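Asks: Heads up, the sequence shown is in numbering that gives the first Met the number 0, so the first residue is 0 and it goes up one at a time.
In this text, a Cβ means the ideal position worked out from N, Cα and C, and glycines have one as well.
All values reported here derive from a predicted model rather than from experimental measurement.
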Amino acid sequence: MKIAIIVSGWPSIYRPNSMPFFYEQVGAIAKDESIKIDVYIPFSITHYLKPRNIIKFFMGEFESFCSLSKDNVKLIPVPYVNLPKVLGFQNILDQLKVNTVCKSFGRKTKLKGSYDFVHCHFFSSAIIGCEINKRFGTPYLITEHASDLKLGMGSYKTGFINNVYGNAKKVIAVGEYLREQLLSTIESIDQVELIPNGIDGAKFKLAKGAKVEIKLIFIGHLIPRKGILELLVAFKEIKNKYEKVSLTIIGEGELRDQVEQYVSTEKIESCVELMGALNNENVALELSRHHLLVLPSDKESFGVVVIEAGACGLPVVARKSGGPEYIIDDSSLGEIYDGTNSSLVNSIDTVLNKIKLYKHQHIRDITLSKYDWSIVAKKIISLYKQMINN
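(1) What does DSSP give as the partner residue(s) for residue 36 in the beta ladder?
(2) Return helix, strand or coil for residue 134, following the three-state DSSP convention.
(3) Measuring CA to CA, which of 151, 314, 92 and 232 is closest to residue 355?
(4) Please specify which runs of the beta strand (DSSP E), each continuous and at least 3 residues long, are wholly inside the region 305 to 340, giving them in chain order.
(5) Inspect the beta-carbon positions of residue 294 and residue 318 and report whether they are closer than 8 Å.
(6) Please identify the residue among 236, 298, 321 and 216 whose C-alpha is closest to the C-alpha of residue 275.
(7) So, are the CB atoms of residue 301 and residue 173 less than 8 Å apart?
(8) Between the C-alpha atoms of residue 190 and residue 34, what's the straight-line distance to the nearest angstrom?
(9) Have a look at residue 386 and residue 375 and give me their C-alpha separation to the nearest angstrom.
(10) Quick one: Cα of residue 339 to Cα of residue 244, how far?
(11) Could you say which of 192, 16, 248 and 70 lies nearest to residue 30 if we only look at CA atoms?
(12) Just to confirm, is the Cβ distance from residue 123 to residue 39 under 8 Å?
(13) Using the rule of at least 16 other Cβ atoms within 10 Å of the residue's Cβ for burial, across every protein chain shown, is residue 24 buried or exposed?
(14) Who pairs with residue 79 in a beta bridge, going by DSSP?
(15) Taking 6 Å as the limit between beta carbons, can you name the residues of its chain near residue 8, skipping five residues before and five after?
(16) If you run the structure through DSSP and keep just helix, strand and coil, what is residue 186?
(17) What are the boundary residues of the beta strand (DSSP E) that residue 234 is part of?
(18) Just the C-alpha distance for residue 36 and residue 235, rounded to the nearest angstrom, thanks.
(19) What residue range is occupied by the uninterrupted beta strand (DSSP E) comprising residue 275?
(20) Can the beta-carbon of residue 202 be found closer than 8 Å to that of residue 283?
(21) Going by C-alpha distance, which of 68, 44 and 360 is nearest residue 76?
(22) Report buried or exposed for residue 150, applying the criterion of at least 16 other Cβ atoms within 10 angstroms of its Cβ.
(23) Do you know whose CA, among 41, 199 and 380, lies nearest residue 372's CA?
(24) What would DSSP say about residue 245, mapped onto helix, strand or coil?
(25) Going by DSSP, what residue range makes up the beta strand (DSSP E) through residue 27?
(26) Do residue 197 and residue 27 have their C-beta atoms within less than 8 Å of each other?
(27) Hey, residue 370 and residue 195: beta-carbon distance below 8 Å or not?
(28) With 16 as the cutoff for other CB atoms within 10 Å, does residue 258 come out buried or exposed?
(29) Just to confirm, is the Cβ distance from residue 171 to residue 143 under 8 Å?
(30) Is DSSP giving residue 170 helix, strand or coil here?
(31) Identify which residue in 67, 165 and 148 has its Cα closest to the Cα of residue 128.
Printed below as a string of structure tokens:
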């Protein structure tokens with residue numbers, strides 16, 4: 000079996016946190032050595048022309064992607080020029096990337112032979128897969144990850160969107176809510192497979208936490224959709240009830256200054272730590288040092304951080320936002336709240352009141368039985384074989 004995978008990001012020396020789950024998923028699939036994989040990584044060189052990156056650009060160091068030590072995996076970086084988005088011209092600008100990837104694909108197939116199919120991640124890659132199918136006749140399947148499906152489709156017209164999804168041999172959603180969205184939104188789809196994201200369970204260790212202090216943790220971009228400001232307001236109430244409780248915030252984003260200002264104004268610097276962005280290894284380490292993950296996002300197609308916490312045996316408090324409620328489907332794993340500040344406070348309070356009753360090994364076992372890459376990769380490979388047989 001020989002396949003091409005088109006991704007929308009990949010870890011590199013300069014951006015180690017760029018879509019690491021693609022790296023892990025491909026690595027898990029590649030354990031089946033009968034599958035030969037070429038990973039196409041379109042990346043814009045435009046932002047490397049900024050002053051702080053200009054030296055890297057001229058030294059040829061503008062991207063050095065993290066390779067997999069697998070003989071059956073080859074990375075194919077595809078640099079393209081990404082012009083600024085101009086209202087009404089998104090389709091034309093996107094076509095620059097599509098054409099560049101298609102040319103690279105054509106050269107590769109001419110030299111090395113054709114692929115059995117192309118696996119596209121996100122709608123942006125599916126557009127490329129659809130064009131490849133049109134030009135070369137190679138079938139494609141799509142995995143959709145988008146937290147906001149309409150936002151991911153941009154200004155494309157309904158007919159074009161239906162064409163991209165309708166011509167795919169298979170469509171996969173990473174979460175049940177996203178699956179329902181696809182079925183109700185895209186007229187050309189009559190079946191969507193459900194295959195979740197995964198994690199490498201070996202990277203995560205059972206949480207030990209602090210013995211004296213109860214430690215909460217937030218992991219995510221500091222942007223409005225992730226609900227970090229709402230969490231801080233709720234944490235202040237929790238702090239008034241629990242004397243020895245702290246909050247660790249991992250991530251960066253546009254709200255960083257507002258977060259720092261709130262922490263300072265409310266005089267909670269002693270119990271709130273901002274750690275910035277961390278790599279996967281350090282995120283796993285920090286999770287093992289805490290007692291509870293809180294995810295107040297208003298939109299999550301899945302919620303990888305939820306299963307990362309679960310792999311450490313941590314209970315989770317998460318907002319009902321599309322993905323987490325299908326993972327935290329039992330009170331032994333945590334609490335789901337409805338989005339109001341009072342329900343967030345109450346859910347955190349509920350978990351903290353029985354924090355010693357949660358069984359870390361039970362949470363870890365449940366999580367890995369569903370979401371370890373060894374499990375998820377088998378589902379993906381099974382679907383690949385269906386593609387070949389059909």
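Replies: In short, the structure shows the following:
(1) Numbered from 1 along the sequence shown, position 37 holds the residue referred to as residue 36. Answer is 2 and 72.
(2) One-based indexing of the sequence shown puts residue 134 at position 135. The answer is helix: DSSP assigns residue 134 an H, G or I state.
(3) The residue given as residue 355 occupies position 356 in the sequence shown. Comparing Cα-Cα distances from residue 355 to each of 151, 314, 92 and 232, the minimum goes to 314.
(4) 315 to 318 and 333 to 336
(5) Residue 294 sits at position 295 when you count from the first residue of the sequence shown. Residue 318 sits at position 319 when you count from the first residue of the sequence shown. Closer than 8 Å, so yes.
(6) If you number the sequence shown from 1, residue 275 lands on position 276. Nearest C-alpha to residue 275: 216.
(7) Counting from 1 along the sequence shown, the entry for residue 301 is found at position 302. Counting from 1 along the sequence shown, the entry for residue 173 is found at position 174. In this structure, residue 173 lies closer than 8 Å to residue 301 by Cβ.
(8) As a working mapping, residue 190 is identified with position 191 in the sequence shown. As a working mapping, residue 34 is identified with position 35 in the sequence shown. When rounded, the distance between both Cα atoms is 25 Å.
(9) Residue mapping note: residue 386 aligns to position 387 of the sequence shown, counting from 1. Residue mapping note: residue 375 aligns to position 376 of the sequence shown, counting from 1. Each residue's alpha carbon lies about 17 Å from the other.
(10) By 1-based counting over the sequence shown, the position of residue 339 is 340. By 1-based counting over the sequence shown, the position of residue 244 is 245. Each residue's alpha carbon lies about 22 Å from the other.
(11) If you number the sequence shown from 1, residue 30 lands on position 31. Answer by Cα proximity: 70.
(12) Walking along the sequence shown from the start, residue 123 turns up at place 124. Walking along the sequence shown from the start, residue 39 turns up at place 40. Contact: no.
(13) What you label residue 24 is simply residue 25 of the sequence shown in a count that begins at 1. By the 10 Å Cβ count, residue 24 comes out buried.
(14) Numbered from 1 along the sequence shown, position 80 holds the residue referred to as residue 79. According to the DSSP secondary-structure assignment, residue 79 is paired through a beta bridge with 43.
(15) In the sequence shown, the residue the question calls residue 8 occupies position 9. Contacts found: 17 and 18.
(16) In the sequence shown, counting from the first residue as 1, residue 186 sits at position 187. Residue 186 falls in the coil class under three-state DSSP.
(17) If you number the sequence shown from 1, residue 234 lands on position 235. Per DSSP, residue 234 belongs to no beta strand (DSSP E); it is in the alpha helix (DSSP H), 227 to 240.
(18) Reading the sequence shown from its first residue, position 37 is the one you call residue 36. Reading the sequence shown from its first residue, position 236 is the one you call residue 235. Rounded to the nearest angstrom, the two C-alpha atoms are 49 Å apart.
(19) Reading the sequence shown from its first residue, position 276 is the one you call residue 275. Following the DSSP letters along the chain, one finds residue 275 inside the beta strand (DSSP E) bounded by residues 271 to 275.
(20) Here the question's residue 202 lines up with position 203 in the sequence shown. Here the question's residue 283 lines up with position 284 in the sequence shown. Yes, they are a contact pair.
(21) Working through the sequence shown from its first residue, we reach residue 76 at position 77. Closest by alpha carbon: 44.
(22) Here residue 150 refers to the residue found at position 151 when the sequence shown is read from its first residue. Label assigned to residue 150: exposed.
(23) As a position in the sequence shown, residue 372 is number 373, starting the count at 1. When only C-alpha atoms are compared, the closest one is 199.
(24) Within the sequence shown, numbered from 1, the residue matching residue 245 stands at position 246. Here residue 245 sits in strand by DSSP.
(25) Working through the sequence shown from its first residue, we reach residue 27 at position 28. That residue, residue 27, is in no beta strand (DSSP E); its alpha helix (DSSP H) goes 19 to 28.
(26) Here residue 197 corresponds to residue number 198 of the sequence shown, with the count starting at 1. Here residue 27 corresponds to residue number 28 of the sequence shown, with the count starting at 1. Note that the C-beta distance between residue 197 and residue 27 is below 8 Å.
(27) For the purposes of this step, residue 370 is taken as residue 371 along the sequence shown, with counting starting at 1. For the purposes of this step, residue 195 is taken as residue 196 along the sequence shown, with counting starting at 1. Yes, they are a contact pair.
(28) On the sequence shown, position 259 is the one that residue 258 refers to. Its Cβ being crowded by 16 or more others within 10 Å, residue 258 is buried.
(29) Position 172 of the sequence shown, counting from 1, holds the residue named residue 171. Position 144 of the sequence shown, counting from 1, holds the residue named residue 143. Yes, the pair counts as a contact, with Cβ atoms nearer than the cut-off.
(30) Taking the first residue of the sequence shown as 1, we reach residue 170 at position 171. Residue state, collapsed to three classes: strand.
(31) As a working note, residue 128 is residue 129 in the sequence shown. Minimum Cα distance to residue 128 is reached at 165.
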